[in-house]
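K.L.:
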Amino acid sequence: MKVLTFRSNEEMSKEAADMIANTLHTTETPVLGLATGSTPERLYEILIERCKKGEITFQHASTFNLDEYVGLAGDDVNSYRHFMNENLFKHIDVKKENTYIPDGMTEDPEAECTRYEAKLQEAGGADVQILGLGLNGHIGFNEPGTDFDSRTHVVTLDETTREANARFFDKMEDVPTHAVTMGIDSIMDAKEILLLVSGEKKADILRKVVEGEVTNDVPASILQKHPNVTILTDIQL
Ligand code: F6R
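In this note's numbering, the protein residues as written are 2 to 238.
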């Protein structure tokens, strides 16, 4: 694992944008694995600026998001589909039909997982996967205890994760209890992984990810086993 430490979120995001631009430039039909959350927000703004300037194009790209809440429609302001449309897709030249996010409103979440996983495989897996890090070490919504060999699956969200995400909802009861997430093995299939970690409150968990044992108590620790992971962070370890 390569760890790149930056003085600010801005510098971290610029470097991540450079790395994604590189994939866009060097891959004929790039497949980008994307995350929601606060961490990649500035990165997405930079990608939008560069796309508007004509420095990069997403015309031939397809995107696969890590996860989606079960029970939220795509136009719900708290759905990840909505987040991605607002924070990236509607501002860039990606073809809408090439942006994949699990369907939170599916009647049959298990079947949705199989469908989503098959789509991802069909696309050949992510060329580059962006990840954020949960305070409990989760990646995607793979909470502590998740099997390392998991593929896209339905999860019950940890109370700590629901609390961390409650800031976006009117009240705690509105925070969904379940989500569909790419599994750890689905994430590990990516050719390259960029783990972005910002803010002192994640220092302890980041230390465990980088220096601790590989254990499913800290899901992101599995990244130590991936051949091409870069951690970009503004935390001085
Ligand atoms: C988001 C996701 C999550 C977040 C993580 C960090 O699609 O899969 O694993 O990356 O919870 O969230 P932030 O960036 O809001 O701290």
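Cβ atoms here follow ideal geometry from the backbone N, Cα and C, with glycine treated the same way.
Nearest by alpha-carbon distance to Ala191: which of Thr24, Gly34, Thr6 and Leu89 is it?
P.N.:
Gly34
K.L.:
Should the segment 153-166 be called in touch with the segment 82-102, which here means at least 3 C-beta pairs below 8 Å?
P.N.:
no
K.L.:
Looking at C-beta atoms only, is the number of pairs between the segment 101-118 and the segment 173-193 that lie closer than 8 Å three or more?
P.N.:
They touch, by the three-pair rule.
K.L.:
Throw me the rounded Cβ distance for the Ala36 and Leu5 pair, which I believe falls under 8 Å.
P.N.:
The pair is not a contact, with the Cβ atoms about 18 Å apart (cut-off 8 Å).
K.L.:
Which two residues bound the contiguous alpha helix (DSSP H) that contains Val215?
P.N.:
No alpha helix (DSSP H) contains Val215, which DSSP labels as neither H nor E.
K.L.:
Would you mind sorting Gly141 into buried or exposed? The rule is 16 or more other CB atoms within 10 Å of its CB.
P.N.:
buried
K.L.:
Between the segment 7-27 and the segment 191-205, do three or more beta carbon pairs fall short of 8 Å?
P.N.:
yes
K.L.:
Does the distance between the C-beta of Gly133 and the nearest non-hydrogen atom of the ligand F6R fall short of 7 Å?
P.N.:
yes
K.L.:
Comparing the CB of Tyr45 with every heavy atom of the ligand F6R, is any distance shorter than 7 Å?
P.N.:
Within the chosen limit of 7 Å, the ligand F6R does not reach the beta carbon of Tyr45 with any heavy atom.
K.L.:
Rounded to the nearest angstrom, how far is the Cβ of Gly146 from that of Asn217, given a contact under 8 Å?
P.N.:
6 Å
K.L.:
Consider the C-beta atom of Leu67 and the heavy atoms of the ligand F6R; say whether any pair is separated by less than 7 Å.
P.N.:
yes
K.L.:
At the 8 Å Cβ level, is Phe90 part of the contact set with chain B, yes or no?
P.N.:
Structure shown: chain B not included; a single protein chain is present.
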